Amino acid sequence: DTAVSQTPKYLVTQMGNDKSIKCEQNLGHDTMYWYKQDSKKFLKIMFSYNNKELIINETVPNRFSPKSPDKAHLNLHINSLELGDSAVYFCASSQAGLDQETQYFGPGTRLLVL
Amino acid sequence: AQSVTQPDIHITVSEGASLELRCNYSYGATPYLFWYVQSPGQGLQLLLKYFSGDTLVQGIKGFEAEFKRSQSSFNLRKPSVHWSDAAEYFCAVGGSNTGFQKLVFGTGTRLLVSP
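Okay, structure coming up:
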């Protein structure tokens, strides 16, 4: 009954590979987000989708492509992985107008690129 | 553009002592302010939030925070720290120029609790 879930929890892969991270929320929210937390714990927004439409794209390399098949899911596909992509990726969700847009976070996906 | 400063990278507090974590923000309008906690290897848990109204807000786990507009601050406090409070604490400000909110986080403060 996890509110925001992510798979996988850990991901270890080689440079140059393509990988995907999945996120699902069962809160009925209409807005979802991807954040990146670097090795210094700094958290920065990457993307946001509202009702399957992209609304925030924070100057992220186009190797990163989010996809939202429906309101409850926001997946992140990364092409040609680089060492600098190693980080923890957090998914979050919120409902515009409800609870004044508090964002609820998933447990994170720890990506290590070798 | 909004920004958040958490001036303390690490803080060590004795168990049972009081705690205050500092947060200063920069935002042109009335901000939405949040404190999140991240335990080692875990995700982010919301401790408390401020949108409007009473400037002293209560959160979970005995935490509270006070919004001071004149100082652009939103400091987190707890009267008596427990060993389980050892974690990374993030202050965040929410704002929007698109009609949809994005959070800008501070760099975090790591809380260490000594016996």
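These protein sequences, in sequence, are chains D and C.
Going by this note's numbering, the residue at position 105 of the first sequence is 105; the numbering climbs one at a time, nothing skipped.
Going by this note's numbering, the residue at position 21 of the second sequence is 21; the numbering climbs one at a time, nothing skipped.
We put the beta carbon where it would ideally sit given N, CA and C, even for glycine.
For clarity, every value in this text was computed on a predicted model and none was experimentally measured.
Relative to the alpha-carbon of residue i, which residue among the options has its alpha-carbon at the smallest distance?
i: residue 48 (chain D); options: D:94, D:78 and D:19; result: D:94
i: residue 49 (chain C); options: C:93, C:10 and C:62; result: C:93
i: residue 63 (chain C); options: C:43, C:35, C:44 and C:71; result: C:35
i: residue 71 (chain C); options: C:84, C:59, C:55 and C:80; result: C:55
i: residue 106 (chain D); options: D:67, D:12, D:55 and D:37; result: D:37
i: residue 25 (chain C); options: C:115, C:114 and C:107; result: C:107
i: residue 92 (chain D); options: D:84, D:85, D:103 and D:83; result: D:103
i: residue 16 (chain C); options: C:80, C:44 and C:3; result: C:80
i: residue 5 (chain C); options: C:112, C:101 and C:90; result: C:90
i: residue 83 (chain D); options: D:55, D:51, D:113 and D:29; result: D:113
i: residue 81 (chain D); options: D:71, D:90, D:72 and D:62; result: D:62
i: residue 9 (chain D); options: D:15, D:23 and D:17; result: D:23
i: residue 28 (chain D); options: D:109, D:110 and D:96; result: D:96
i: residue 46 (chain D); options: D:15, D:85 and D:101; result: D:85
Anything in chain D within Cβ reach of residue i, meaning under 9 Å, just list it in chain order.
i: residue 90 (chain C); result: 41 and 43
Can you grab the Cα-Cα spacing for the pair residue i / residue j, in whole Å?
i: residue 22 (chain C); j: residue 42 (chain D); result: 17 Å
i: residue 118 (chain C); j: residue 66 (chain D); result: Because chain C here runs from 1 to 115, residue 118 (chain C) falls outside it and cannot be looked at.
i: residue 13 (chain C); j: residue 76 (chain C); result: 14 Å
i: residue 10 (chain C); j: residue 20 (chain C); result: 12 Å
i: residue 11 (chain D); j: residue 53 (chain C); result: 43 Å
i: residue 127 (chain C); j: residue 39 (chain C); result: With chain C running from 1 to 115 in the structure shown, residue 127 (chain C) is simply not present.
i: residue 70 (chain D); j: residue 40 (chain D); result: 33 Å
i: residue 78 (chain C); j: residue 69 (chain C); result: 21 Å
i: residue 18 (chain D); j: residue 43 (chain C); result: 24 Å
i: residue 31 (chain D); j: residue 113 (chain C); result: 36 Å
i: residue 13 (chain D); j: residue 50 (chain D); result: 30 Å
Please classify residue i: is it buried, with 16 or more other beta-carbons within 10 angstroms of its beta-carbon, or exposed?
i: residue 21 (chain D); result: buried
i: residue 1 (chain C); result: exposed
i: residue 30 (chain C); result: exposed
i: residue 60 (chain C); result: exposed
i: residue 87 (chain D); result: buried
i: residue 41 (chain C); result: exposed
i: residue 103 (chain C); result: buried
i: residue 34 (chain D); result: buried
i: residue 59 (chain D); result: exposed
i: residue 3 (chain D); result: exposed
i: residue 75 (chain D); result: buried
Report the neighbours of residue i on chain B: residues whose CB is nearer than 9 Å to its CB, in chain order.
i: residue 71 (chain C); result: Absent from the structure: chain B. Protein chains present are D and C.
Can you name the residues of chain C whose CB is closer than 8 Å to the CB of residue i?
i: residue 104 (chain D); result: 46
Residues of chain D with CB under 7 Å from residue i, in chain order?
i: residue 49 (chain C); result: 102
Between residue i and the ligand FMN, is the CB less than 7 Å from at least one heavy atom?
i: residue 60 (chain C); result: Absence of the ligand FMN is noted for the structure shown, with no ligands found whatsoever.
In chain D, which residues lie with their C-beta within 8 Å of the C-beta of residue i?
i: residue 16 (chain C); result: Chain D residues near residue 16 (chain C): none, gap ~27 Å exceeds 8 Å.
Using a Cβ-Cβ cut-off of less than 8 Å, list which residues of the segment 36 to 51 of chain D approach chain C; keep chain order. Hits within the stretch, in order: 40, 41, 42, 43, 44, 45, 48 and 50.
Check distances from the C-beta atoms of the segment 50 to 80 of chain D to those of chain C and list, in chain order, the residues that come in under 9 Å. Cβ contacts with chain C: 50, 55, 56 and 58.
Positions along the segment 99 to 114 of chain C whose CB lies within less than 7 Å of some CB in chain D: For the segment 99 to 114 of chain C, the set of residues with a beta-carbon nearer than 7 Å to any beta-carbon of chain D comprises 100, 101, 102, 103, 105, 107 and 108, in chain order.
Check distances from the C-beta atoms of the segment 29 to 45 of chain C to those of chain D and list, in chain order, the residues that come in under 9 Å. The residues in question are 32, 34, 36, 38, 41, 42, 43, 44 and 45.
Listed in chain order, which residues of the segment 51 to 69 of chain C have Cβ atoms closer than 9 Å to some Cβ of chain D? If the cut-off is 9 Å between Cβ atoms, the segment 51 to 69 of chain C has 51 and 52 near chain D.
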